[in-house]
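Colleague: Just passing along the structure, written as structure tokens.
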């Protein structure tokens, strides 16, 4: 494969990682995310295959002191949105009026990504670039004024909008809600159905700013079902990193993006668990894997939490637990040695300002630090479970 040869020749990170391994996509090592992001620094970058001379940069999580970014050339950005935009033809119909409620600003990709993907969708629709930061009252006004019948955004935005409508004894009839960026849970549906007159609810598609286009929405196969998109190699692996090639067996989702050369994504763990519906063609997403957790619209990774314990000068193991409480996501960080919980929470919110913003907007619960006698481990392997997700 020419891409693998190019990457090995031009990316110091991959050249070191692969060593003398044969350039066979099934034989190459799966990326360690921490090492990947350690290599992808703004200065002295060891991941990129060339110097940045054109294109676009987006934020991909991280803390204030250690930001993460994702780089695309102009052609890669065009291809990313083209492939995803074509997949949106599965959930859109001619003449629909689509309000884009994804978030923009501060280098976030989602709003621009969805807007450009909608432009490249083969189905002729009218788009309304509203943005998630718009006052909810103004969103309602725009929907009514322009007859918008489809909203695309994160589930927490839909829930906030729905609560406002219900509290005011109003409804806003819609044809569809297309969600992305976080999971839409069953406990959110009754409120959405009440406020929006039981619209069709479906995934807008599956993508991330770090990996790229991950899957096209496949609502006919299930609420969390997606089909494999062009220019990708999707793999599911078990706890031993062996390929899973049969349906209904859960493992980690691994992605290779054949459309990206500048910032190569080869055997990259996207951070989600999945199982094949039809092997190699369609899959179902089943929550977060051990690389991190999604709390509402916020991704919390290992280094985000480790930074808190480092700041507190506490060298200990920890565990992320995610639950639903009051119809919102709740982040719990478990640990075993004494720390100042109030200071830990203050440090976390200072380092991940998006968490603080989402708490203030009532999108997620206030995180908790919880001291336990022992952290939970895999009973078979004895390995520490970094993420325990009780939402699925």
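Numbering (this note's numbering), first residue to last: 6 to 397. Beta carbons: idealized from backbone N, C-alpha and C, even for Gly. Nothing here was measured: the structure is a model prediction, and the numbers come from that model.
Run the CB neighbour count on residue 45, radius 10 Å, all protein chains shown included, and call it buried at 16 or more, exposed below.
Modeller: Numbered from its first residue, the chain shown carries residue 45 at position 40. Buried is the call here.
Colleague: Provide the residue span of the beta strand (DSSP E) that contains residue 181, from first to last.
Modeller: For the purposes of this step, residue 181 is taken as residue 176 along the chain shown, with counting starting at 1. Residues 181-184.
Colleague: Between the alpha carbons of residue 238 and residue 6, how many angstroms are there, rounded?
Modeller: By 1-based counting over the chain shown, the position of residue 238 is 233. By 1-based counting over the chain shown, the position of residue 6 is 1. Taking the straight line joining both Cα atoms gives about 13 angstroms.
Colleague: Specify whether the region 6-17 and the region 47-57 touch according to this definition: at least 3 beta carbon pairs, one from each stretch, less than 8 angstroms apart.
Modeller: Segments in contact, yes.
Colleague: By a C-beta neighbour count over all protein chains shown, 10 Å radius and 16 as the cutoff for buried, is residue 367 buried or exposed?
Modeller: Locating residue 367 in the chain shown gives position 362, where the first residue counts as 1. Exposed, because fewer than 16 other Cβ atoms sit within 10 Å of the Cβ of residue 367.
Colleague: Is residue 215 helix, strand or coil when you go by DSSP?
Modeller: One-based indexing of the chain shown puts residue 215 at position 210. Note: residue 215 maps to coil in three-state DSSP.
Colleague: For a cutoff of 9 angstroms on Cβ pairs, would you count residue 197 as touching chain C?
Modeller: The chain inventory of the structure shown lacks chain C, comprising one protein chain alone.
Colleague: What are the boundary residues of the alpha helix (DSSP H) that residue 358 is part of?
Modeller: Position 353 of the chain shown, counting from 1, holds the residue named residue 358. Where residue 358 is concerned, the enclosing alpha helix (DSSP H) stretches over 358-365.
Colleague: Sorted by chain position, which residues of the same chain lie with C-beta nearer than 7 angstroms to residue 94's C-beta, five sequence neighbours on each side aside?
Modeller: Here residue 94 refers to the residue found at position 89 of the chain shown. Closer than 7 angstroms at Cβ, skipping near neighbours: 126, 127, 128.
Colleague: How many angstroms separate the CA atom of residue 161 from the CA atom of residue 105?
Modeller: By 1-based counting over the chain shown, the position of residue 161 is 156. By 1-based counting over the chain shown, the position of residue 105 is 100. Their backbone Cα atoms lie some 14 angstroms apart in a straight line.
Colleague: For residue 180, tell me which candidate among 174, 210, 200, 172 has the shortest Cα-Cα distance.
Modeller: The residue given as residue 180 occupies position 175 in the chain shown. Among 174, 210, 200, 172, the Cα nearest to that of residue 180 is on 200.
Colleague: Judging by CA-CA distance, which residue of 343, 101, 291, 113 is the nearest neighbour of residue 399?
Modeller: Beyond the ends of the chain as shown, which are 6 and 397, falls residue 399; an answer cannot be given.
Colleague: Could you check whether residue 24 and residue 119 sit closer than 9 angstroms to each other, using their CB atoms as the reference points?
Modeller: Position 114 of the chain shown, counting from 1, holds the residue named residue 119. Position 19 of the chain shown, counting from 1, holds the residue named residue 24. No, they are not a contact pair.
Colleague: With distances taken from CA atoms, which of 350, 49, 190, 215 is nearest residue 403?
Modeller: Lying outside 6 to 397, the shown extent of the chain, residue 403 is not represented and no answer is given.
Colleague: Just to confirm my understanding: we take residue 142, look at its own chain, exclude 5 residues before and 5 after, and list those with CB closer than 6 angstroms. What are they?
Modeller: Locating residue 142 in the chain shown gives position 137, where the first residue counts as 1. Excluding sequence neighbours, residue 142 sits near nothing in its chain.
Colleague: Measure from the alpha carbon of residue 363 to the alpha carbon of each residue in 37, 334, 395, then state which is nearest.
Modeller: As a working mapping, residue 363 is identified with position 358 in the chain shown. That would be 334, whose Cα lies nearest to the Cα of residue 363.
Colleague: In whole angstroms, what is the alpha-carbon distance linking residue 292 and residue 267?
Modeller: By 1-based counting over the chain shown, the position of residue 292 is 287. By 1-based counting over the chain shown, the position of residue 267 is 262. Residue 292 and residue 267: Cα-Cα distance of roughly 29 angstroms.
Colleague: What beta strand (DSSP E) runs, 3 residues minimum, are completely inside the region 55-91?
Modeller: For the region 55-91, whole beta strand (DSSP E) runs of length 3 or above, ordered along the chain, are 61-67, 72-77.
Colleague: Specify the secondary structure class of residue 98 as computed by DSSP and reduced to three states.
Modeller: Position 93 of the chain shown, counting from 1, holds the residue named residue 98. Residue 98 falls in the coil class under three-state DSSP.
Colleague: Out of 203, 204, 220, point me to the one whose CA is closest to residue 210's CA.
Modeller: For this step, residue 210 is matched to residue 205 along the chain shown. Nearest C-alpha to residue 210: 220.
Colleague: Whether or not the region 328-342 and the region 297-304 are in contact is what I'm after, with contact meaning three or more pairs of Cβ atoms, one per stretch, closer than 8 angstroms; do they touch?
Modeller: Enough Cβ pairs lie closer than 8 angstroms, so yes.
Colleague: Taking only runs that begin and end inside the region 98-135, name each unbroken beta strand (DSSP E) of 3 or more residues, in chain order.
Modeller: Complete beta strand (DSSP E) runs here, min 3: 102-105, 131-133.
Colleague: With DSSP collapsed to three states, give me the class of residue 275.
Modeller: For the purposes of this step, residue 275 is identified with residue 270 of the chain shown, where counting begins at 1. Three-state DSSP puts residue 275 in a strand.
Colleague: Residue 287 and residue 233: beta carbons closer than 9 angstroms?
Modeller: Here residue 287 corresponds to residue number 282 of the chain shown, with the count starting at 1. Here residue 233 corresponds to residue number 228 of the chain shown, with the count starting at 1. The answer is yes: Cβ separation under 9 angstroms.
Colleague: Please report the distance separating the alpha-carbon of residue 19 from that of residue 265.
Modeller: For the purposes of this step, residue 19 is identified with residue 14 of the chain shown, where counting begins at 1. For the purposes of this step, residue 265 is identified with residue 260 of the chain shown, where counting begins at 1. If you take the alpha carbons of residue 19 and residue 265, they lie about 14 angstroms apart.
Colleague: If you measure between the beta carbons of residue 35 and residue 259, is that distance less than 9 angstroms?
Modeller: Locating residue 35 in the chain shown gives position 30, counting from the first residue. Locating residue 259 in the chain shown gives position 254, counting from the first residue. Against a cut-off of 9 angstroms, the Cβ pair of residue 259 and residue 35 comes out as a contact.
Colleague: Could you tell me if residue 49 is buried or exposed, where buried requires 16 or more neighbouring beta carbons within 10 angstroms of its beta carbon?
Modeller: Residue mapping note: residue 49 aligns to position 44 of the chain shown, counting from 1. With fewer than 16 other Cβ atoms within 10 Å, it is exposed.
Colleague: Tell me which residues share the same chain as residue 164 and place their Cβ nearer than 6 angstroms to its Cβ, disregarding the 5 neighbours each side in the sequence.
Modeller: The residue labelled residue 164 in the question sits at position 159 within the chain shown. Correct list, in chain order: 193.
Colleague: According to the neighbour-count rule (16 or more other Cβ atoms, all chains shown, within 10 Å of its Cβ), is residue 332 buried or exposed?
Modeller: Counting from 1 along the chain shown, the entry for residue 332 is found at position 327. Flag for residue 332 reads exposed.
Colleague: Which runs of the alpha helix (DSSP H), 4 residues or longer, sit entirely within the region 147-214?
Modeller: Listed in chain order, they are 160-172, 194-201.
Colleague: Once the 5 residues before and after residue 121 are set aside, which same chain residues still bring their CB inside 7 angstroms of it?
Modeller: To locate residue 121, count along the chain shown from 1; it is residue 116. Here the set comprises 86.
Colleague: Could you tell me which residues DSSP puts in a beta bridge with residue 334?
Modeller: Counted from its first residue, the chain shown places residue 334 at position 329. 329, 369.
Colleague: Starting from the Cα of residue 39, find the closest Cα among 110, 166, 274 and give me that residue.
Modeller: For the purposes of this step, residue 39 is taken as residue 34 along the chain shown, with counting starting at 1. Out of 110, 166, 274, 274 has the C-alpha closest to the C-alpha of residue 39.
Colleague: Just the C-alpha distance for residue 101 and residue 156, rounded to the nearest angstrom, thanks.
Modeller: Indexing the chain shown from 1 puts residue 101 at position 96. Indexing the chain shown from 1 puts residue 156 at position 151. Going by the C-alpha atoms only, they are around 10 angstroms apart.
Colleague: Identify whether residue 253 lies in helix, strand or coil by the three-state DSSP scheme.
Modeller: In the chain shown, residue 253 corresponds to position 248, counting from 1. Reduced to three states, the DSSP call for residue 253 is coil.
Colleague: Distance, Cα to Cα, residue 229 vs residue 355?
Modeller: Sequence index remark: in the chain shown, residue 229 carries index 224 (1-based). Sequence index remark: in the chain shown, residue 355 carries index 350 (1-based). The straight-line gap from Cα to Cα measures roughly 33 angstroms.
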